[in-house]
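K.L.:
Take this structure, written in structure tokens, and hold onto it; I'll ask about it next.
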Amino acid sequence: MDLISVIVPCFNEQEALPYFYEEINKVSQKMNNSSFEFLFVDDGSKDRTLSILKELAQKDERVKYISFSRNFGKEAAIYAGFENCKGDYAVMMDADLQDPPSLLPEMLRWIKEEGYDSVATRRGDREGEPPIRSFFAKLFYKIINKISDADIVDGARDYRLMSRQMVDTILSMGEYNRFSKGIFGWIGFKTKWIEFKNVERVAGQTKWSFWKLFKYSLEGITAFSVAPLQIASLFGVFFSFVAFVMIVVIIIKTLVFGDPVGGWPSMACIVMMIGGIQLLSIGVLGQYLAKAYMESKHRPLYIARETNTKK
Ligand code: UDP
Ligand code: MG
Numbered sequence: 004m005d006l007i008s009v010i011v012p013c014f015n016e017q018e019a020l021p022y023f024y025e026e027i028n029k030v031s032q033k034m035n036n037s038s039f040e041f042l043f044v045d046d047g048s049k050d051r052t053l054s055i056l057k058e059l060a061q062k063d064e065r066v067k068y069i070s071f072s073r074n075f076g077k078e079a080a081i082y083a084g085f086e087n088c089k090g091d092y093a094v095m096m097d098a099d100l101q102d103p104p105s106l107l108p109e110m111l112r113w114i115k116e117e118g119y120d121s122v123a124t125r126r127g128d129r130e131g132e133p134p135i136r137s138f139f140a141k142l143f144y145k146i147i148n149k150i151s152d153a154d155i156v157d158g159a160r161d162y163r164l165m166s167r168q169m170v171d172t173i174l175s176m177g178e179y180n181r182f183s184k185g186i187f188g189w190i191g192f193k194t195k196w197i198e199f200k201n202v203e204r205v206a207g208q209t210k211w212s213f214w215k216l217f218k219y220s221l222e223g224i225t226a227f228s229v230a231p232l233q234i235a236s237l238f239g240v241f242f243s244f245v246a247f248v249m250i251v252v253i254i255i256k257t258l259v260f261g262d263p264v265g266g267w268p269s270m271a272c273i274v275m276m277i278g279g280i281q282l283l284s285i286g287v288l289g290q291y292l293a294k295a296y297m298e299s300k301h302r303p304l305y306i307a308r309e310t311n312t313k314k
């Protein structure tokens with residue numbers, strides 16, 4: 004029998020967890036050709052998440068948990084899940100039932116019968132999302148696909164079932180600045196996309212503010228593309244060229260017409276603009292330097308405080 008590892012990152016999910024467990028348990032009972040392992044990663048929750056997980060683990064030996072020493076973020080939780088899962092297949096799901104467990108049988112079928120390496124999901128629509136958020140999300144996907152090889156699908160969720168081989172490949176990408184959506188696309192493999200309708204979270208609250216999402220998107224861009232650095236160089240080339248032309252024009256003008264020194268407002272504007280672009284370029288450079296700095300420290304991606312995965 005195959006073992007399927009269900010990886011669930013949880014950050015303050017005390018309200019949603021009981022519903023989630025009930026639902027995944029139901030689905031697992033229907034899929035009686037597979038055995039299951041439910042690996043919950045408690046990402047430094049401040050509520051009763053961990054004690055709920057412990058209660059579940061007492062009742063059901065398929066329930067495993069890893070509890071972090073603090074909040075390390077969903078990316079770290081996903082990594083910890085992959086690192087500690089034992090399944091022949093692994094699937095990631097949010098704890099809030101926005102990734103319907105009922106799709107699992109169909110997903111498994113695509114891998115087993117059609118020879119795919121992974122089955123990924125995307126939302127068909129962005130219904131119920133603030134329009135401004137949708138706008139920026141769409142813009143982000145457009146930009147990142149232009150400037151990187153990461154191949155990121157708009158509306159893609161992290162809900163994905165994959166083969167052991169793919170899990171091991173993902174683990175071999177040991178980078179500190181992790182952007183899973185990019186990593187999944189970058190490693191390739193045969194992926195089947197299935198679409199489902201956007202579902203509201205069953206209980207509790209979203210952990211993502213607009214600002215957090217914005218920072219996360221910059222993370223994605225710097226992790227998978229050096230285009231911003233190239234743009235900075237292009238700015239440099241362009242303005243050097245413009246400056247050269249202007250110098251020639253001014254010299255000729257002065258020689259021919261004996262023009263006095265004039266137009267300081269335009270000069271001030273130019274100085275300001277070039278100064279701004281310089282600062283921007285240094286900032287971009289700094290972003291990459293900061294990433295390289297963090298990578299070079301080789302810090303662990305997460306620190307587990309408590310777990311029942313190792314016996
Ligand atoms: N999550 C996490 N660590 C965090 C933030 C979120 O493990 O720092 C988990 C959260 O518990 C949930 C999943 O990531 O299972 C998705 O989070 P959420 O539902 O808040 O995001 P949304 O669906 O609103 O994008
Ligand atoms: Mg959610």
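In this text, residue positions in the sequence shown follow the numbering used here: the first is 4, and each later residue adds one. We put the beta carbon where it would ideally sit given N, CA and C, even for glycine.
1) With a cut-off of 6 Å, give the chain-ordered residues whose Cβ is closer than this to any heavy atom of the ligand FMN.
2) Round the Cβ separation of residue 85 and residue 65 to the nearest angstrom and send it over; I've been treating them as touching at under 8 Å.
3) Which residues in the same chain as residue 153 place their Cβ atom closer than 6 Å to its Cβ, once the five residues preceding and following it in sequence are excluded?
4) Contact between the region 174-182 and the region 72-88 is defined here as three or more beta-carbon pairs at a separation below 8 Å; is this criterion met?
5) CB residue 97 to CB residue 68, shorter than 8 Å?
6) Quick one: complete alpha helix (DSSP H) runs, 4+ long, within the region 78-166?
7) Going by Cα to Cα distance, which pick from 131, 160, 133 and 300 is closest to residue 144?
8) I think residue 121 touches residue 225, with their Cβ atoms under 8 Å apart; what is that distance to the nearest whole Å?
9) Do the CB positions of residue 221 and residue 291 come within less than 8 Å of each other?
10) Which stretch, first to last residue, makes up the beta strand (DSSP E) that contains residue 200?
11) Taking the CB atoms as reference points, tell me whether residue 99 and residue 230 lie closer together than 8 Å.
12) In terms of DSSP beta bridges, what is residue 11 paired with?
13) Can you give the beta carbon distance from residue 41 to residue 55, rounded, assuming they're within the 8 Å contact cut?
14) Counting Cβ pairs, one atom from each stretch, are 3 or more of them under 8 Å apart for the region 159-178 and the region 248-263?
15) Which whole-angstrom value describes the C-beta separation of residue 47 and residue 72, a residue pair presumed to lie in contact below a C-beta threshold of 8 Å?
16) If you compare alpha carbons, which of 108, 304, 14 and 288 is closest to residue 211?
17) Can you check DSSP and say which residues form a bridge with residue 68?
18) Please determine, among 35, 62 and 77, the residue with the shortest C-alpha to C-alpha distance to residue 16.
19) Mapping DSSP to helix, strand and coil, what is residue 6?
20) Could you tell me which residues DSSP puts in a beta bridge with residue 37?
21) Just verifying my parser: in three-state terms, what is the DSSP assignment at residue 222?
22) Thinking C-beta only, is residue 127 closer than 8 Å to residue 215?
23) Pull up the CB-CB distance for residue 136 and residue 198, whole angstroms please, since I reckon it's below 8 Å.
24) So the alpha helix (DSSP H) residue 312 belongs to, where does it begin and stop?
25) Which of the three DSSP states, helix, strand or coil, is assigned to residue 230?
26) Do residue 164 and residue 237 count as a contact pair if the criterion is CB distance below 8 Å?
27) If you draw a straight line from the C-alpha of residue 32 to the C-alpha of residue 63, how long is it?
P.N.:
The answer reads as follows:
1) By its list of ligands, the structure shown excludes the ligand FMN, since it contains just the ligand UDP and the ligand MG.
2) About 18 Å separates the two Cβ atoms, so there is no contact after all.
3) 185, 188, 189 and 227
4) yes
5) no
6) 107-117 and 134-150
7) 160
8) Contact doesn't hold; Cβ gap of about 25 Å is too wide.
9) no
10) From DSSP, residue 200 is part of no beta strand (DSSP E); its letter is neither H nor E.
11) no
12) 43
13) About 13 Å separates the two Cβ atoms, so there is no contact after all.
14) no
15) 7 Å
16) 14
17) 43
18) 77
19) strand
20) 5
21) helix
22) no
23) Between residue 198 and residue 136 the Cβ distance is about 20 Å, and since that is not below 8 Å, they are no contact.
24) It is not in any alpha helix (DSSP H) - residue 312 carries neither H nor E in the DSSP assignment.
25) helix
26) no
27) 13 Å
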